[in-house]
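Chemist: Numbering (the working numbering), first residue to last: -3 to 262. Using N, Cα and C, we set each Cβ at its ideal position, and we do this for glycine too.
Below you can see the structure in the form of structure tokens.
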């Protein structure tokens, strides 16, 4: 007599989470909304659900009465798909609470999770401004990032502000953290995309370069990928960690649980 036996093999694949933070407000900072939408659109194209992307932004700039379009443009002829941005109260405590995983989208992160953090807005030597009202200082950022790195598998942290590198003091030695700054100390972060119909700058150069190349770079490691952000394109010096273990797909491609059934006659 023959029996058919089946085995269930379950692969628990890494679950990636993205945190996109816009630290500014008001219509003249239009480009910062474009910045986070650049990364949001790439994440969505690579399998992320909205439940896996946390957007932290003070307001939805598409609802500003000065905005003549209902979409956000990143160059005069191209725009992002419209999404509803839920306003977030940008305070120091609220931003730090996100990094400490005190949010419903990210509270269950563990060592199987990879986390991508993108932060843009206005910054200076050792700080990031929040809505021109508060200053998020690098010692507080350092402490929160260190906590996050102890909790999860890998972290990619991109800071896209003026003098972006200056908040990374004391973080380079963390083994599971990859750092990217869109500008060196004492260097501005630049935007060159403009549209006379809209008025303010449309997007910063760093995320614009990201949009141009990401589709063809998913299989690269992060070292090679961020080396492509040359000064001629970005107009600032992009600084990044040097660790070939980190891959683009570790953070920009979503991976889910898979179940495999095996059948055997005995």
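May I have the straight-line CA-CA distance separating residue 130 from residue 141, to the nearest angstrom?
Modeler: If I take the Cα positions, the gap works out to 19 Å.
Chemist: Just how far apart, CA to CA, sit residue 18 and residue 117?
Modeler: Each residue's Cα considered, the two are about 6 Å apart.
Chemist: Give me the residue from 202, 143, 100 with the minimum Cα distance to residue 28.
Modeler: The residue with the shortest Cα to Cα distance from residue 28 is 202.
Chemist: By how many angstroms is the C-alpha of residue 104 removed from the C-alpha of residue 207?
Modeler: Roughly 30 Å between the two C-alpha positions.
Chemist: Please classify residue 81: does DSSP put it in a helix, a strand, or coil?
Modeler: Residue 81 falls in the coil class under three-state DSSP.
Chemist: Excluding the 5 residues flanking residue 45 on each side, which residues of the same chain have their C-beta closer than 7 Å to its C-beta?
Modeler: Counting only Cβ-Cβ distances below 7 Å, and skipping sequence neighbours, we find nothing.
Chemist: Between the beta-carbon of residue 76 and the beta-carbon of residue 52, is there less than 7 Å?
Modeler: No, they are not a contact pair.
Chemist: Spell out a yes or no on whether the stretch 21 to 35 and the stretch 183 to 202 are touching, meaning 3 or more CB-CB pairs, one atom from each, closer than 8 Å.
Modeler: Result yes; three or more Cβ-Cβ pairs closer than 8 Å.
Chemist: In the DSSP assignment, the beta strand (DSSP E) including residue 125 goes from what residue to what residue?
Modeler: Start and end: 123 to 126.
Chemist: In terms of residues, what are the limits of the alpha helix (DSSP H) holding residue 37?
Modeler: Segment 26 to 41, the alpha helix (DSSP H) holding residue 37.
Chemist: Just tell me which of 89, 158, 214 has its CA closest to the CA of residue 187.
Modeler: Taking only the C-alpha atoms, the option nearest residue 187 is 158.
Chemist: Please state if the CB of residue 111 and the CB of residue 151 are separated by a distance shorter than 7 Å.
Modeler: Cβ distance < 7 Å, so residue 151 and residue 111 count as in contact.
Chemist: Quick check: what's the CA-CA separation for residue 214 versus residue 123?
Modeler: C-alpha separation (whole angstroms): 31 Å.
Chemist: Note down, in chain order, each residue of its chain lying with its Cβ closer than 8 Å to the Cβ of residue 121, except the 5 sequence neighbours on either side.
Modeler: The answer, listed in chain order, is 159, 162, 181, 182.
Chemist: By Cβ distance below 7 Å, which residues in the same chain neighbour residue 55 in space, the five residues on each side in sequence not counted?
Modeler: Around residue 55: 21, 83.
Chemist: Give the single residue among 239, 12, 78 whose Cα lies nearest to the Cα of residue 37.
Modeler: If we check each option's Cα against that of residue 37, 78 comes out closest.
Chemist: Count the other CB atoms within 10 Å of the CB of residue 66; is the residue buried (16 or more) or exposed (fewer)?
Modeler: Exposed, by the Cβ-count rule.
Chemist: For residue 239, which of 232, 250, 218 has the nearest alpha-carbon?
Modeler: The shortest Cα separation from residue 239 among 232, 250, 218 belongs to 218.
Chemist: Can the beta-carbon of residue 70 be found less than 7 Å from the beta-carbon of residue 199?
Modeler: Yes, Cβ-Cβ distance for residue 70 and residue 199 is below 7 Å.
Chemist: For residue 69, name the three-state secondary structure that DSSP assigns.
Modeler: Looking at residue 69 - three-state DSSP - the assignment turns out to be strand.
Chemist: For residue 136, which of 125, 230, 92, 189 has the nearest alpha-carbon?
Modeler: Answer by Cα proximity: 92.
Chemist: Taking the alpha carbon of residue 147 as the reference point, which residue from 221, 74, 237, 106 has its own alpha carbon closest?
Modeler: Minimum Cα distance to residue 147 is reached at 106.
Chemist: For residue 207, name the three-state secondary structure that DSSP assigns.
Modeler: Helix.
Chemist: Taking the alpha-carbon positions, what's the residue 232 to residue 205 distance?
Modeler: Between residue 232 and residue 205, the C-alpha separation is close to 12 Å.
Chemist: To the nearest angstrom, how far is the alpha carbon of residue 249 from that of residue 127?
Modeler: If you take the alpha carbons of residue 249 and residue 127, they lie about 31 Å apart.
Chemist: In or out: residue 315 buried (at least 16 other Cβ within 10 Å) or exposed?
Modeler: Shown here, the chain extends from -3 to 262; a query on residue 315 therefore has no answer.
Chemist: Going by C-alpha to C-alpha distance, which of 99, 209, 164 sits closest to residue 236?
Modeler: It is 164 whose Cα lies nearest to the Cα of residue 236.
Chemist: Excluding the 5 residues flanking residue 42 on each side, which residues of the same chain have their C-beta closer than 6 Å to its C-beta?
Modeler: Excluding positions up to five away in sequence, the list reads 248, 249.
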